[in-house]
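Asks: Protein chains in written order, with the numbering used here: chain A, 18 to 121; chain B, 18 to 121.
Where is the CB? At the ideal position from N, CA and C, for every residue including glycine.
Bear in mind that the values here come from a model prediction, so they are computed numbers and not experimental data.
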DNA sequence: ACTATAGATCGATGATTGTCAATCTATAAT
DNA sequence: ATTATAGATTGACAATCATCGATCTATAGT
């Protein structure tokens, strides 16, 4: 039998530092109210450009850009540049993976 | 029909600031490698006292106490004092609620 | 009473983080 | 070419946080 990379869950077994570090990284991206709302806005429609996020989030353009970067680095959203705009969409698989990592 | 308090998920609909704040609070408790390992240790056995966490986590007693408090304040673990020891156990419902809040 | 132990709390410190103004880059429109 | 716009980057600042030594509280054992 070949070894399959086993993504571990918190309730499964004691986590080692590597697993805990990776999980903490994604969870940290989620652990901010502005980013959670941002994520929910992006999930609501199928694509959202950065410029449409400033008003509902009541944050400046650099702050919005900062938060999209954090979510994208965590793999939770995917950005595509088209013309002057960057369009963001959710990566549902990534969110599902986080859910799984939280046991269940 | 009576209104049932609807705990919202990120992928459901745009979150308001209140919902996002609550979710961020619990997620922040999870977004730390030491606390994630702590949680996995507690989940592994059914009850763990604080003193048994210092060695595997390689952290001082005050640091361990700090982290147990953060997890307890977030409702993820429940502590019970018996004699000189505080025994910690997982609250599985709370963790399930977080999973649900992450869409699903 | 005295000693030892579990753990909470306080205070300090270094690191990380959310925020914005200013600037820079790139694309589109005239 | 010039102008306007989307958004990334930089730098600065205040706030939050993880960590630990020292101290305090409470319980158990002798």
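Compute the distance between the beta-carbons of residue 52 of chain B and residue 88 of chain B, then report whether it is under 8 angstroms.
Replies: Yes, these two residues count as a Cβ contact at 8 angstroms.
Asks: Pop quiz: residue 123 of chain B and residue 67 of chain B are said to be a contact at Cβ under 8 angstroms. What is the actual Cβ separation, rounded to whole angstroms?
Replies: Here chain B covers residues 18 to 121 and nothing more, so residue 123 of chain B does not appear.
Asks: Using a beta-carbon distance cut-off of less than 7 angstroms, what residues from the segment 29 to 53 of chain A approach chain B?
Replies: Those residues of the segment 29 to 53 of chain A that come within reach of chain B (Cβ to Cβ, closer than 7 angstroms) are 30, 31, 32, 34, 37, 38, 40, 41, 44, 45, 47, 48, 49, 50 and 53.
Asks: Spatial neighbours of residue 118 of chain A within its chain, please: C-beta separation below 6 angstroms, excluding the five flanking residues on both sides.
Replies: Hits under 6 angstroms: 26 and 40.
Asks: Quick one: is residue 57 of chain A near chain B, going by C-beta distance under 8 angstroms?
Replies: So, interface residue.
Asks: Tell me whether the beta-carbon of residue 37 of chain B lies closer than 8 angstroms to the beta-carbon of residue 111 of chain A.
Replies: The answer is no: Cβ separation not under 8 angstroms.
Asks: For residue 58 of chain B, which option in B/73, B/48, B/46 and B/49 has the closest C-alpha, if you only look at C-alpha atoms?
Replies: Checked all of B/73, B/48, B/46 and B/49; the closest Cα to residue 58 of chain B is B/73.
Asks: How big is the Cα-Cα spacing for residue 32 of chain B and residue 80 of chain A?
Replies: If I take the Cα positions, the gap works out to 19 angstroms.
Asks: So, is the C-beta of residue 76 of chain B closer than 8 angstroms to a C-beta in chain A?
Replies: Output row for residue 76 of chain B: interface = no.
Asks: Beta-carbon separation of residue 48 of chain B and residue 48 of chain A under 8 angstroms?
Replies: In this structure, residue 48 of chain A lies closer than 8 angstroms to residue 48 of chain B by Cβ.
Asks: Between which two residues does the alpha helix (DSSP H) holding residue 28 of chain A run?
Replies: First-last for residue 28 of chain A: undefined, no H or E at that position.
Asks: Could you check the C-alpha separation between residue 100 of chain A and residue 115 of chain A for me, to the nearest Å?
Replies: Approximately 32 angstroms, taken between the alpha carbons.
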